[in-house]
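Number of protein chains: 2
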Amino acid sequence: MTRQALVEAARGDRPLDLIIRGGRMVNVYTGEIARADIGIYGDRIAVVDFGGALGLTAREELDARGLIAVPGFVDTHVHIESTMVTPPNFARAVLPFGTTTVVIDPHEIGNVTGRAGVEYMLRASEGLPLRVFVTVPSSVPAVPRIETAGAAFDAADVAEMLTWPRVVGVAELMDYPGIVRQEPRTAAIAEAGLAAGKNLEGHAPLLTGRELAAYLAAGVDSEHESRTAAEMVEKMRLGMWVYGRENTFRRTAAYLADAVKTIPQPWNVALCTDDIDPADLLLNGHMDRGMRVLLDAGVDPAMVVRIATLNGAMRYGLNDLGAIAPGKRADIVLVESFTDFRAKIVLADGRVVAQDGQMVTAFADPAPPPLDNTVRIQPVSADTFRVRVPNAEGDVALKCIDIDPVRTTRLGDITLPFAGGECVYPLPDDVTILSVVPRHGQVHPPTLALLRGLPLRDGALATTVAHDSHNLIVAGRNPADMAAAVWEVARLGGGVALAVAGKIAATVRLPVAGLMSDVSVEEIAAEVRAFNKQARALGLGGASPVLAISSLALPVAPFVRITDRGVVDTLTQEFIAMDVRHTD
Amino acid sequence: MTRQALVEAARGDRPLDLIIRGGRMVNVYTGEIARADIGIYGDRIAVVDFGGALGLTAREELDARGLIAVPGFVDTHVHIESTMVTPPNFARAVLPFGTTTVVIDPHEIGNVTGRAGVEYMLRASEGLPLRVFVTVPSSVPAVPRIETAGAAFDAADVAEMLTWPRVVGVAELMDYPGIVRQEPRTAAIAEAGLAAGKNLEGHAPLLTGRELAAYLAAGVDSEHESRTAAEMVEKMRLGMWVYGRENTFRRTAAYLADAVKTIPQPWNVALCTDDIDPADLLLNGHMDRGMRVLLDAGVDPAMVVRIATLNGAMRYGLNDLGAIAPGKRADIVLVESFTDFRAKIVLADGRVVAQDGQMVTAFADPAPPPLDNTVRIQPVSADTFRVRVPNAEGDVALKCIDIDPVRTTRLGDITLPFAGGECVYPLPDDVTILSVVPRHGQVHPPTLALLRGLPLRDGALATTVAHDSHNLIVAGRNPADMAAAVWEVARLGGGVALAVAGKIAATVRLPVAGLMSDVSVEEIAAEVRAFNKQARALGLGGASPVLAISSLALPVAPFVRITDRGVVDTLTQEFIAMDVRHTD
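Chains as they are written, first to last, in the working numbering: chain A, 1 to 584; chain B, 585 to 1168.
In structure tokens, the structure reads:
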């Protein structure tokens, strides 16, 4: 569509479709907050009248007295799969919170169904009122040598996907040691991104000094894993885009606030959500949540808005987005005040799509979700998960994985009583058996380890949400419940199951690649809440008990993780010889 | 080239090529000025050490004690032709002033030799230490209906040129009334730029209100013609990139300073030079000139640097440029202080290219300049330029063009004595005859008008530098000198000539399309200075007497101009019936 009609409307020779009249506006270009009438034609802003002198008229008016207009929020990094819904349902979930643009990394589904999964996420987000841009998963799997996913992307795969529409970069290069060391596969994926002229998105917790310089020198120039304000400031000074992240598991917007207040003229900062579970989303919001944190920490309101809108758009070269100005897309959020960034009215493409936290327009799903059962496991039984040491009797010293309340893991030593070559149940109070069951059709047997620190008192938790290669991970107090939970997850075609005393106590059904539901966010959130209630009764705490063990298979998180291939020291990326072996 | 060796150097496993040690650095990301050692490998920055804790070593060191490192300057809009040298000589001229990146609009040569001219500018700037990005001329000619250039670009031409390497946008859409009115050719050129995902560069002096909204709605979102700080502020608030401009003819950096100081959080501002004549360049500098103005006006030094570097790079999505950080191109300027932005040492691609205002590296010209004579005129004689009114005797009332000292032109009334149907010489003191001689092979006769206000006392000035369609413009006190000056310009193959009493008093030879010399900037500047000395002796003043009449054929400048087709009201773009007609 040419701009002709829009230009005519802007200059006054064609009626505007809509005026947002009488409110104030945050000007992300200048940091000013001023009275402004906003004239819209079609899906774009035609004219902004600061003084009221232009005398705008339109077919329709929106009374914005008492409201403040800000650009629709731009989420610079999000995995839709973490919210357990499909892209259209995700759109219906986040638009009411004012998020109108997201840059997604579909690496969860990519690890399960490969390119078909990435293609589905593109198809299913085509033409939504939520603008969905895509970064091509770089980490399928995160570290090929030490884990097996449902697919493996090499540089040629990534290069091809970089030519697909709406693709704006290579997604977080999580294997940061591989980048720093220039391991061939990882380095080649980064080079593919550079050759295509696309952003290289980063993931580099605690990286500093010359290793950080090396990561940047490789062309990776954004990051959302910083754990302190000081870490953020170091990265900002070196030109790295730092995304604050406020979600179910990690809350770094407060650090970002400190960093921004430290820096005289902050520039390369934005905001993202990364992973939010569905129940948490409905309760605490989306991008607005991080914005409230910045504001509460004393960051200037106009700067908060700039960080959540224009800066993210600029990072990705999305020149039509992130601002309210003539020619830009009419994605606008009206809020009541700066003390609460809750969206009162949300416009996307010039139309009101949500009001008072509810969608007010309907749209069809662009593509049906793939519902093939992706849980392709070999048969398991209680035997699969028994902790055995041939001929062991009495106390036996073993290695275990220690987990702390923020899910940092370390290698530990443990002594357990054995009888007849198998450990004696019940296990000590804070000890569970942890296993990764291959679920992508691999024929090798599950891995097995002892886990200390997970507060599960009884039963077993199994899930196909097992970052990032998404095999089936299970933790239990006894082998029988583990087997029961695993079978239930397989029967559901993916999801989460809690088994106690041989019975299924709770489930969350995630039939789309074992990661997402085919129902609305409200429905899946209800499932999650019910599940969490049961899980809490068994002792599991934290922000999201349903995901209590989902990160324990992630071999790029500190410091010890379990994959389908073995227990891994994630700093050296070497396997650790453990003393626990299943029977097979 | 992959990043592997760079990454190895960054992480410390390969020697750095160079360290800039002991100086301070302006951090354009944060606004901080801090001690920093800068490690370079190849053509990129590998590592920046703020604390000295990384203990960098390298093959070579550059002692930067007492110096301040800033990124190489990014000129967001420049016509190389105005400096009257070819691209390689332009590079040799501006690098010593710290300009390492320019975005050029080759629309002067484009108006003379069409695509071949644009191609030459690309070929001649390939691989220079100066990074030359290109915007595709949108205004060849500026207004087709009312002038004839040596070529005419339509939307299809522009679309094809947008696919050429190093092309980053559509150059200034000077026909802003055509954009606002959506005239088909101009609108289609803008649409071609949008379709290619490229920037649309603007040119919109005094545009305001709904017409400005219309220009922005068309997608044109930069501007460098603002004449007051208030005009700049209005445009900044509407999301338009405002480039301050400091050059031989227009000096708006001081207004930009006022605008920036008005705005709480300035964002969409950059700096450009547009047109600088060679003598002025050597005397007053390049981008550093505007930076000094901003600084003197009280803009924070780090913000001045950001405006002159990172902001321009961001505007064009040049993510590798405009900053000193790991992974970025090693284009670095070392200055002695902020009170004088004169470059002490300039590095491009990691190598010292200039020192103390002189180039210290040599490079070959990438392409020879085209030296075909482009001055294709029909024969002229003194008769061609006689002011005649059939049968006129005594005082005759005529129309004239009035020009004021800043070259704004208006329609005026004048009374001249006539005898035998021709006006009586000498003309009144401040009156000259003005003519545009078609020089692109057109067969129609020259246009003729009376000009009042040009302080030429005697003789005639003729030039092929006649913005923007670059016919041959001539102003003289008598028809004979006009003819002599025109013939001399034709003989030179283009350039400028001053004729007095039938003799050639001074020339500037511009054989490359009648716009550029094939000699160095020092040599052409010497020619220009010698010419200006003669021109001043004849009464011509102003910043650059050699260009005294060069803008009088520009039909997009206020308010009355003369083209090869006639005298034009530049607001209505309609011809004005004048009472002066040549004999033909």
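From the three backbone atoms N, C-alpha and C, an ideal C-beta is built for every residue, glycine too.
A quick note: this is a predicted structure, and the numbers were derived from the prediction, not measured.
Tell me the rounded alpha-carbon separation between residue i and residue j.
i	j	result
V610/B	A1119/B	44 Å
I324/A	P71/A	6 Å
Y799/B	R991/B	25 Å
T432/A	D105/A	32 Å
T57/A	G793/B	15 Å
R115/A	M121/A	10 Å
K533/A	D275/A	21 Å
N604/A	A419/A	Only positions 1 to 584 of chain A appear in this structure, which leaves residue 604/A out of reach.
G566/A	T463/A	18 Å
A362/A	V94/A	14 Å
P479/A	A397/A	20 Å
S1128/B	P713/B	29 Å
H1028/B	S1053/B	15 Å
List the residues of chain A that residue i touches, going by C-beta distances under 9 Å, in chain order.
i	result
T747/B	None at all; the shortest Cβ gap to chain A is about 14 Å.
F536/B	Only positions 585 to 1168 of chain B appear in this structure, which leaves residue 536/B out of reach.
Go ahead and label residue i buried or exposed: buried means 16 or more other beta carbons lie within 10 angstroms of its beta carbon, across all protein chains shown.
i	result
P721/B	buried
P426/A	exposed
V752/B	buried
K1087/B	exposed
W748/B	exposed
M820/B	buried
K782/B	buried
A1068/B	buried
N1035/B	In the sequence as displayed, the identity of residue 1035/B is Leu instead of Asn. Flag for L1035/B reads buried.
N1055/B	buried
T339/A	exposed
In terms of residues, what are the limits of the beta strand (DSSP E) holding residue i?
i	result
G495/A	495 to 500
M25/A	16 to 27
A506/A	503 to 509
N199/A	199 to 202
G996/B	993 to 1003
G1098/B	Element bounds for G1098/B: n/a, residue is neither H nor E.
A348/A	343 to 348
Could you give the DSSP three-state label for residue i: helix, strand or coil?
i	result
F559/A	coil
M578/A	coil
S1019/B	strand
Y316/A	coil
R619/B	strand
I693/B	helix
A881/B	coil
List the residues of chain B whose Cβ lies closer than 8 Å to the Cβ of residue i, in chain order.
i	result
G219/A	R587, G911
G150/A	Near G150/A there are no residues of chain B at all, since even the closest Cβ is about 29 Å away, more than 8 Å.
T532/A	Thr is not the amino acid found at residue 532/A; the sequence shown has Asn there. Within chain B, no residue comes near N532/A; the closest Cβ sits about 41 Å away, beyond 8 Å.
M314/A	M898
I want to verify the contact list: residues of chain B whose CB lies under 9 Å from the CB of residue i, in sequence order.
i	result
T585/A	There is simply no residue 585/A to check, as chain A begins at 1 and stops at 584 in what is shown.
For residue i, report the span of its alpha helix (DSSP H) as first-last.
i	result
M305/A	With the sequence shown as reference, residue 305/A is identified as Val, and Met is not the correct amino acid for it. Its alpha helix (DSSP H) spans residues 301 to 308.
A653/B	That residue, A653/B, is in no alpha helix (DSSP H); its beta strand (DSSP E) goes 652 to 655.
N532/A	521 to 537
V7/A	4 to 11
E815/B	813 to 821
Which residues in chain A sit within 7 Å of residue i, going by Cβ to Cβ distance?
i	result
G793/B	L54
L590/B	A217
G596/B	R210
Whose Cβ in chain A lies nearer than 8 Å to the Cβ of residue i?
i	result
E775/B	T2, R3
Q1172/B	The question about residue 1172/B has no answer, for chain B in this structure spans 585 to 1168.
Give the residues of chain B in contact with residue i, contact being defined as C-beta atoms less than 7 Å apart.
i	result
R21/A	By Cβ distance, chain B contributes nothing, its closest Cβ being about 16 Å from R21/A, past 7 Å.
G317/A	G901
Does the beta carbon of residue i fall short of 7 Å from some heavy atom of the ligand SAM?
i	result
H661/B	The ligand SAM is absent from the structure shown, which contains no ligands of any kind.
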